[in-house]
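Peer 1:
Number of protein chains: 2
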Amino acid sequence: MTIGDAAKASGVNAKLIRYYESIGLIPAAGRTASGYRVYSSSDVNVLRFVKRARTLGFSIERIQILVGLWQDRSRSSAEVKRVALDHVAELEAKIAELRAMSDTLKHLAHACHGDERPDCPILRDLEEGGGSCCHEPPPCPSLAGRGRE
Amino acid sequence: MTIGDAAKASGVNAKLIRYYESIGLIPAAGRTASGYRVYSSSDVNVLRFVKRARTLGFSIERIQILVGLWQDRSRSSAEVKRVALDHVAELEAKIAELRAMSDTLKHLAHACHGDERPDCPILRDLEEGGGSCCHEPPPCPSLAGRGRE
DNA sequence: GATAGGGCTTCCAATGGCTGGAAGGTCAAG
DNA sequence: CTTGACCTTCCAGCCATTGGAAGCCCTATC
Numbered sequence: 001m002t003i004g005d006a007a008k009a010s011g012v013n014a015k016l017i018r019y020y021e022s023i024g025l026i027p028a029a030g031r032t033a034s035g036y037r038v039y040s041s042s043d044v045n046v047l048r049f050v051k052r053a054r055t056l057g058f059s060i061e062r063i064q065i066l067v068g069l070w071q072d073r074s075r076s077s078a079e080v081k082r083v084a085l086d087h088v089a090e091l092e093a094k095i096a097e098l099r100a101m102s103d104t105l106k107h108l109a110h111a112c113h114g115d116e117r118p119d120c121p122i123l124r125d126l127e128e129g130g131g132s133c134c135h136e137p138p139p140c141p142s143l144a145g146r147g148r149e
Numbered sequence: 150m151t152i153g154d155a156a157k158a159s160g161v162n163a164k165l166i167r168y169y170e171s172i173g174l175i176p177a178a179g180r181t182a183s184g185y186r187v188y189s190s191s192d193v194n195v196l197r198f199v200k201r202a203r204t205l206g207f208s209i210e211r212i213q214i215l216v217g218l219w220q221d222r223s224r225s226s227a228e229v230k231r232v233a234l235d236h237v238a239e240l241e242a243k244i245a246e247l248r249a250m251s252d253t254l255k256h257l258a259h260a261c262h263g264d265e266r267p268d269c270p271i272l273r274d275l276e277e278g279g280g281s282c283c284h285e286p287p288p289c290p291s292l293a294g295r296g297r298e
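Protein chains in written order, with my numbering: chain A, 1 to 149; chain B, 150 to 298.
1) Under a CB-based cut-off of 8 angstroms, is I26(A) close to chain B?
2) Please classify G145(A) as buried or exposed, where buried requires at least 16 neighbouring CB atoms within 10 angstroms.
3) Spell out whether any CB of chain A is found under 8 angstroms from the CB atom of S208(B).
4) Is any beta-carbon of chain A found at less than 8 angstroms from that of M250(B)?
5) Does any residue of chain B bring its CB to less than 8 angstroms from the CB of A6(A)?
6) Per DSSP, what are the beta-bridge partners of V38(A) in this structure?
7) Please give me, in chain order, every unbroken run of the alpha helix (DSSP H) with length at least 4 that falls completely inside the stretch 213 to 239 of chain B.
8) Do K200(B) and V161(B) have their C-beta atoms closer together than 8 angstroms?
9) Quick one: is A9(A) near chain B, going by C-beta distance under 8 angstroms?
10) Using the C-alpha atoms, what's the distance from E21(A) back to L254(B)?
11) Per DSSP, what kind of secondary structure is L105(A) in: helix, strand or coil?
12) Quick check on A53(A): buried or exposed, where buried means 16 or more other Cβ atoms within 10 Å of its Cβ?
13) S22(A) versus chain B: which residues are under 7 angstroms apart at the beta carbon?
14) How should H87(A) be labelled, buried or exposed, when 16 other C-beta atoms within 10 angstroms of its C-beta is the threshold for buried?
15) Let me know the secondary structure DSSP gives N194(B) once reduced to three states.
16) Inspect the CB distances between the stretch 179 to 193 of chain B and the stretch 151 to 161 of chain B and report whether three or more fall short of 8 angstroms.
17) Taking only beta-carbon atoms, is R73(A) less than 8 angstroms away from chain B?
18) Flag S77(A) as yes if its beta-carbon sits less than 8 angstroms from any beta-carbon of chain B, otherwise no.
19) Are the beta-carbon atoms of C112(A) and K164(B) separated by less than 8 angstroms?
20) Should P121(A) be labelled buried (16 or more other beta-carbon atoms within 10 Å of its own) or exposed?
21) Answer with buried or exposed for G68(A), where buried requires no fewer than 16 other C-beta atoms within 10 angstroms of its C-beta.
22) What's the gap between the Cα of G179(B) and the Cα of D192(B)?
23) What do you get for A33(A), buried or exposed, if any count of 16 or more other CB atoms within 10 angstroms of its CB means buried?
24) Around the Cβ of G24(A), are there at least 16 other Cβ atoms within 10 angstroms (buried) or fewer (exposed)?
25) Rounded to whole angstroms, what is the Cα-Cα separation between A158(B) and Q213(B)?
26) So that I know if they touch, is there some Cβ in chain B lying closer than 8 angstroms to that of D119(A)?
27) Check whether chain B comes within 8 angstroms of T32(A), counting only Cβ atoms and requiring the distance to be less than that.
28) Anything in the stretch 179 to 203 of chain B with a Cβ closer than 8 angstroms to a Cβ of chain A? List those residues in chain order, please.
29) Alpha carbon to alpha carbon, how far is A96(A) from R197(B)? Give it in angstroms, no decimals.
30) Which value, in whole angstroms, describes the spacing of the CA atoms of G56(A) and L66(A)?
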């Protein structure tokens, strides 16, 4: 199997296969006399494993660990589960971060008329650093210390 | 004000200020005779605007647009709102993607005993490409509707 | 045997949004 | 005058790819 065949069989781009080899995620493939990389069906299985893991958002670093565990018959499922749950924790943290951004912006956009007039709470928030998302008429002197230190 | 002062006042790293200048996000600062960059308090306001926009996850490209609208007195709030809602849509798409990953992994991790035995549904999923996350003997047709499509 | 095409090889560069370091100039205080 | 904190530029790296250029290999056709 050439790299192109392995790419088709695994769903991983030939270019990406070379990259994965270059960073040591997968072992260096064998070569023909003329220098072409040669792959077996078990190499393709590894590539598919990597592809699926990437689809689930695992970093290359964690995939390296997972591949190692996968090929280690004396692994414990606890080890695998820990890697997975570490990743879940990172995903959840990222989701919470994006969720906060989105909610803030939805709130601001909701308060924005979205018409031809220039007045806009979104820009006001960006200008003021988000300190006072609610832009009430009273000049709120209590906010004097807002964000400048 | 030197770049260090502007950094302190705006909360944007001096290095990042130079970077923002280099990519054209902010205009090139004035210089002293000896080549030091000089900033005014309005420059600091721009930097704070950029910082807040980055905090809300806006791309540099969109921040450029937002800064332009901010400084355009004849802007319409509709333009600003559209930029914001485009960004919200991207955030929501990303959240959905991460949510799907996280849910799949949580499901798999839940099914994993997490003990000293090597048998692990997480690795099985990665191996099989996620085609059959439920590896039960019965093909569980009742689960057809939930999130799997 | 020449040629055309596809696939393979390597290396380099770019993406986004920074961050770090090296090598050197500048400035104020002691 | 020296120290040290600041400033300057440039280069390189992070993550996980993707793209392109230049050139070799292999097969098929004429």
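Built from N, CA and C at the ideal position, the CB exists for glycine as well.
Peer 2: The relevant details are as follows:
1) no
2) Per-residue confidence for G145(A) stands at a pLDDT of 36, beneath the threshold of 50, marking its modelled position as unreliable; the derived number appears in the next sentence. Classification of G145(A): exposed, given that the 10 Å Cβ count is below 16.
3) no
4) yes
5) no
6) G30(A)
7) none
8) yes
9) no
10) 26 angstroms
11) helix
12) buried
13) In chain order: nothing, as chain B lies at least about 22 angstroms away.
14) buried
15) helix
16) yes
17) yes
18) yes
19) no
20) buried
21) exposed
22) 11 angstroms
23) exposed
24) exposed
25) 21 angstroms
26) yes
27) no
28) N194, R197, F198, K200, R201 and A202
29) 23 angstroms
30) A small fix is needed here, since residue 56(A) is Leu in this sequence, not Gly. The alpha-carbon atoms of L56(A) and L66(A) are separated by roughly 12 angstroms.
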